[in-house]
Amino acid sequence: MFYTMVWDCEMSERLELLMNVAISTEQAQRFLIRRQNFVAYGSPFAGREGVAHALQQMEAVQIDPLCPFERNHHQALYNRVHGYRPEWLDQLLYQDNRAFEYYCNALCVLPMEDYPYFKCAMQQQQVVLAPRVNTDMQEAMQQVMQHIAQQGATSSQEFDSGKKISGWWDNELAARTKIEKQALDYLHLTGKLLISSRTGNQRSYDLPERLVPPALFEQVIDQAAWQRFAMLKFLRAYGLSQLGLFRFGWHNAPKAERKQLLANLVEQDEVARVSIEGVKRTYYCLAADLPELLQATPLSQSEVAVILGPLDNLLWDRDRLEDFWGFNYRWEVYTPASKRQYGYYVVPVLYGEWFVGRIEMRADKEQGVLRVDNLWLEPGHDAALPALRRAVELEAQYLGLTRTFGI
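Going left to right, the sequence shown walks through residues -6 to 400 as the numbering used here numbers them.
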């Protein structure tokens, strides 16, 4: 009995130590970079099937329509899948139905296996959006649903009632958005429709029962299971994160509830608290990731550069960039030109273990040139320039451009 008590005490102390870990910023940097599985650092993902495997590992890929040189979701996968082609993601989403689009970090590509859980988020949106659904919107939503039920997948281009409302991106006093377009957005948010295809940035929608495998479509998940799933998925996606992040946990529960759920997961030895040398914030990671986090040996590829998309998974927490790398990155695409520090579509450059600068590029398809309009290297990082030139050349090849200019 005495030995059992001593062992139980020792195990308790070991678990307490395990769940309250202290590491260096270098360990945090290396852990996060390794988790990205960038091609330049030796990604295991390749070919069409590599896109599905990368998505599973990343948990989500954020979608963005802007395209000065490449859209964010394609850039994220280009950086992680050897030989990546944009049509491979389209096939995964819209032909094979192995992924779907919905909101977690923002609008993201998600593995189809997650659909039953995200139905809970969709049901929550029905409550959130109900006050916005007036009589006109209700009629538009009914019209859209009836049309899709009878005619199949539909885009907003197929409607022209002439009715306009103030949409997501309109000034509150301006009514510039087609009511049917907003109806489609509402129906997508509430799970009545899913995005079935895209032509450029034009979305088509269809009934989820036509797109989701029956076993997943019929599966029922309760709110408690959804919140736990979302928290763990969030931590897998971020690797290391902190409670101050407004998206923490990827569900809409009040912060106090998310904090309690996190405390429960720590108590259950599924999540660990992480203190990082020189960083005031407390971070959290999955307990299963602790061996990788604590090992965190230097990267073997120290002279390679990666041009990130502005919404790459590694950049999702801008405070974390400052905490771990001392790198202040703000995407200024929606900042008035007069207030920008750098430029419209400026993205970070990773070199070895460090963020070493920012680059502004533009694909000139008429001339077949990838133009580097601006480059800002951080002080003391001129050695990154040869690797960055190579990264720009590879980007041009991927985009089907024959030349680079400006670097």
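Idealized CB from N, CA, C, for every residue including glycine.
Check	Outcome
Between the CA atoms of leucine 387 and aspartate 312 - distance to the nearest angstrom	30 Å
Neighbourhood of leucine 392 by C-beta distance below 6 Å, restricted to the same chain and skipping five residues each side	Ala356
Backbone CA spacing between valine 259 and alanine 389 [nearest angstrom]	46 Å
Beta-carbon spacing of valine 362, arginine 396 below 8 Å	yes
Inter-residue CB distance, valine 267 and isoleucine 26 (contact presumed, cutoff 8 Å)	Going by Cβ atoms, the distance from valine 267 to isoleucine 26 rounds to 16 Å, so no, they are not a contact pair.
Glutamine 253 to valine 14 span [Cα, whole Å]	20 Å
Reduced DSSP category for isoleucine 172 - H, G, I as helix; E, B as strand; rest coil	helix
Tyrosine 335 and valine 326 closer than 8 Å at C-beta	no
Among Pro37, Ile56 and Gln88, the one whose alpha carbon lies nearest that of asparagine 401	Here the chain comprises residues numbered -6 to 400, so residue 401 is not present and cannot be evaluated.
Residues of its chain near serine 36, where Cβ-Cβ distance is below 6 Å and the 5 sequence neighbours each way are ignored	Asn30 and Arg73
Ranges of the alpha helix (DSSP H) found wholly within the segment 320 to 400, counting only runs of at least 4	378 to 392
Beta-carbon proximity list for arginine 221, same chain, < 8 Å, skipping 5 on both sides	Leu254 and Leu258
Distance, glutamine 261 Cα to arginine 191 Cα	43 Å
Glutamine 235 classed as buried or exposed, judged by whether at least 16 other C-beta atoms fall within 10 angstroms	buried
Alpha-carbon to alpha-carbon, glycine 373 and leucine 85	42 Å
Proline 104 versus tryptophan 347: straight-line alpha-carbon distance, rounded	30 Å
Rounded C-alpha distance that separates serine 295 from alanine 33	10 Å
Limits of the beta strand (DSSP E) - the one that isoleucine 16 falls within	13 to 16
Per DSSP, cross-strand counterpart(s) of arginine 266	Asn13 and Tyr277
Proximal residues to tyrosine 231 (C-beta, below 7 Å), its chain only, five neighbours per side dropped	Trp309 and Asp310
Touch test, the segment 196 to 215 against the segment 145 to 155, Cβ-Cβ under 8 Å, three pairs minimum	yes
Complete alpha helix (DSSP H) runs within the segment 94 to 164 (minimum length 4 residues, chain order)	108 to 122 and 128 to 144
Reference tryptophan 401, options Thr328, Leu225 and Phe62, closest by Cα	Residue 401 lies beyond the stretch modelled for the chain, which goes from -6 to 400, so this question has no answer here.
Nonlocal neighbours in the same chain, by C-beta distance under 6 Å from histidine 67, ignoring five residues either side	Pro79
Cα-Cα separation between phenylalanine 210 and tyrosine 108, rounded to whole angstroms	7 Å
Enclosing alpha helix (DSSP H) for alanine 298 [first to last residue]	No alpha helix (DSSP H) contains alanine 298, which is instead part of the beta strand (DSSP E) from 298 to 300.
Closest Cα partner of alanine 384 within the set Gly184, Val297 and His46	Val297
Presumed contact (8 Å Cβ cut-off) between proline 303 and valine 340, rounded CB distance	5 Å
Collapsed DSSP secondary structure at histidine 75 in the structure displayed	strand
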